[in-house]
Ligand SMILES: [Zn+2]
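In the numbering used here, the protein residues as written are 996 to 1376.
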């Protein structure tokens, strides 16, 4: 994808174009922002521009302050190789590369983190080679916030003084997981969430059969991430959410134990989808990811109730369920809705730190039952 086709990232465009025109491109960048907003596409399009035999000018649509940018021509041998993912001077680095490591013992390891063996073999060693056919070698590190401390330390010297013509781009959602020494050697380029309307339109264009009500919901729930909207749509989160809303509306002291059992079952049935995308995770981790999704959707429901109580209908995610929201909001005060959201985030926090899933969910659902019926939850403090 050429640079001009990457929309709503004007800050990144501006910084990169200015650096290129002044001949001051940094040798290490961190593209920082939510998943699915175009960071990797931007990195590959930038690589195409740097490798292209004859860069061209293009118009950046939707931009109010910048119209003309440089981008790869898309036609030369180099550009075609980049488009086809076959250019030997672009190196994608990701945790699963451990399976291609020359050491057979390392190849058997789980790829839960981006470890030192991948970083040493696939970046540090390769960075010292001259480019195979282009003018520059470009390393694009996915999920850079999952690089271990040892791997970050192994990468420091290469980040500081990359040998020859080398550009290293780290793609990260969470800067707090990178060492200060890593951050100080890279230029951080922020990427923004995409506008809901852009996500909705792009999703509808790629899936013409998708009903408008569903496309609207996916765009709102994705929080500006095209990637999240696409996965949520593929995994049919809309129907999961509808079932969850029915459960939350009928939640009380009598129904809570059945509903917590249903959540565990639902998350187990979702776990195969998580494992298809990330085969290295365990069954229990896949189940945990399913529960985290149900908790996120529940928190969204209570957040909608809060919006309705504050007469802010424009902020509703589940706008298509306004009648049910109104009914639920009659039983809850703002304090109780805030309590429910807090309980959801507290359980999320505990589950991310490997708390017992069954106990956490039973406690959460019990507390939500109390708060939803206008009673103070026992453990909502
Ligand atoms: Zn070209």
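Glycine included, C-beta positions come from ideal geometry on N, C-alpha and C.
Of the heavy atoms belonging to ligand 1, none sits nearer than 7 Å to the Cβ of residue 1129. In the DSSP assignment, residue 1165 falls outside any alpha helix (DSSP H) and lies within the beta strand (DSSP E) extending over 1161 to 1167.
Cβ-Cβ separation between residue 1041 and residue 1011: approximately 6 Å, consistent with a contact (criterion under 8 Å). For residue 1269, the uninterrupted alpha helix (DSSP H) run begins and ends at 1251 to 1272, by DSSP.
Scanning the stretch 1280 to 1335 for uninterrupted alpha helix (DSSP H) segments of 4 residues or longer gives 1317 to 1326, listed from N- to C-terminal end.
The three-state reading of DSSP puts residue 1027 in strand, counting E and B together. For residue 1091, the closest C-alpha among the options 1321, 1139, 1124 and 1128 is that of 1139. Of all C-beta pairs linking the stretch 1192 to 1208 to the stretch 1066 to 1075, fewer than three are shorter than 8 Å, placing the two stretches out of contact. CA-to-CA, the gap between residue 1156 and residue 1054 works out to about 34 Å.
With the rule of 3 Cβ pairs closer than 8 Å, the stretch 1323 to 1331 does not count as touching the stretch 1266 to 1275. Annotation for residue 1232: the continuous alpha helix (DSSP H) segment containing it runs 1232 to 1244.
Apart from sequence neighbours up to five positions away, the residues of its chain that approach residue 1289 with a beta-carbon distance below 7 Å are 1239, 1258, 1261 and 1262, ordered along the chain. Remark: the C-beta of residue 1000 is outside contact range of ligand 1, defined as less than 7 Å to any heavy atom. A straight line joining the alpha-carbon of residue 1282 with that of residue 1347 spans about 12 Å. The beta carbon of residue 1105 is closer than 8 Å to those of 1275 in its chain, skipping five residues each way along the sequence. Less than 8 Å divides the Cβ of residue 1166 from the Cβ of residue 1136.
Among the bridge pairs identified by DSSP, residue 1052 is matched with 1065. Just measuring C-alpha positions, the residue of 1300, 1068, 1357 and 1231 sitting nearest residue 1331 is 1300. Ranked by Cα distance from residue 1314, the options 1338, 1107, 1359 and 1215 are led by 1215. Around the beta carbon of residue 1175, fewer than 16 other beta carbons lie within 10 angstroms, which makes this residue exposed.
Put simply, the backbone Cα of residue 1051 is about 60 Å away from that of residue 1246. Each of 998, 1065 and 1049 was checked against the Cα of residue 1036, and the nearest Cα belongs to 998. In the structure shown, residue 1158 falls within a coil segment according to DSSP collapsed to helix, strand and coil. Taking all protein chains shown into account, residue 1066 has 16 or more neighbouring C-beta atoms within 10 Å of its C-beta and is therefore buried.
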